[in-house]
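Okay, structure first, notes after.
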Amino acid sequence: MAFSGQFELLERANHQLTLMVPMTLMIIFVLLYLAFRRVGEALLIITSVPFALVGSIWLLYWMGVHLSVAAGTGFIALAGVAAEFGVVMLMYLRHAIDAEPSRENPNTFSAEKLDEALYHGAVIRVRPKAMTVAVMIAGLLSILWGNGTGSEVMSRIAAPMIGGMITAPLLSLFIIPAAYKLMWLRRHRRLAA
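Positions 2 to 194 (the numbering used here) are the ones given, in order, by the sequence shown.
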């Protein structure tokens, strides 16, 4: 027995999506590596993507929306936004550490000063990140609640993005600075040895 019609198209689209999602993540990783020239920092940013997906899957489950090609498209768009959040956060953290005058001397740059610099770098990002998330959610809610032509498909693209916009910024404010601290300490201990 062979299925055809819409089912065949759905199967083909799902197959293409299983190829596109890993390829998209790989392209994001390569671009991050080209931007930072460090595998560790690129990996740190790419790990913010699963935290965005947690909120997406949670909201899809809560709304009773099944995984579909449209939801997969929303996941891909969210991966780019989550990576962008991570890039900007990492740049602010690096800038805060570079602005610390005692960082050049390992005898005076203590773990407390590193914590203070990371805290300052993360706190600077709270207001801009909150504004960005609020604007994105406001725009996506109008798509999610729309009832015009094509709104059923568009709402399935918007739902994962809204869920990710709730979790990604919150988790990136805490996890990226903590992970960057561990990475920074490890790299500088290795250089000192």
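Idealized CB from N, CA, C, for every residue including glycine.
All values derive from a computational prediction rather than experimental measurement.
Rounded to the nearest angstrom, the gap between the Cα atoms of Met-24 and Arg-190 is 35 Å. Looking from the CA of Val-66, the closest CA among Gly-122, Ala-43 and Met-155 belongs to Met-155.
Remark: C-beta atoms of Leu-141 and Ile-177 do not approach each other more closely than 7 Å. By the 16-neighbour rule on beta-carbons within 10 angstroms, Val-124 is exposed. In the DSSP assignment, Gly-81 falls within the unbroken alpha helix (DSSP H) covering 70 to 100. The distance from the Cβ of Gly-87 to that of Ile-46 is about 4 Å, consistent with a contact at the 8 Å cut-off. The beta carbons of Ala-83 and Arg-157 sit no closer together than 7 Å. Spatial neighbours of Leu-68 in its own chain (CB-CB distance under 8 Å, excluding positions within 5 residues in sequence) are listed in chain order as Leu-61. Here the alpha carbon of Met-64 sits roughly 36 Å from the alpha carbon of Tyr-120. If you look at Val-66, you'll find it isn't in any alpha helix (DSSP H); DSSP assigns it neither H nor E. With respect to Met-166, Met-137 sits close: the two C-beta atoms are nearer than 7 Å. Relative to the Cα of Met-92, the nearest Cα in the group Ala-80, Gly-75, Ala-131 and Ala-43 belongs to Ala-43.
Counting along the chain, no alpha helix (DSSP H) covers Arg-126, and no H or E run does either. It is roughly 21 Å from the alpha-carbon of Thr-133 to the alpha-carbon of Gly-147. DSSP, read as helix, strand or coil, puts Asn-148 in coil.
The alpha-carbon separation between Tyr-34 and Ile-144 amounts to approximately 34 Å. By the Cβ neighbour-count rule, Val-50 is buried, with 16 or more other Cβ atoms within 10 Å of its own. Cβ neighbours of Val-70 within its own chain (closer than 8 Å, five residues either side excluded): Leu-11, Ala-14, Asn-15 and Leu-18. For the 7 Å CB-CB criterion, Pro-170 and Lys-130 form a contact. Contact annotation: Gly-122 and Leu-94 have beta-carbon atoms nearer than 7 Å. Linking Pro-102 to Ala-139 through their CA atoms gives a straight-line distance of about 41 Å.
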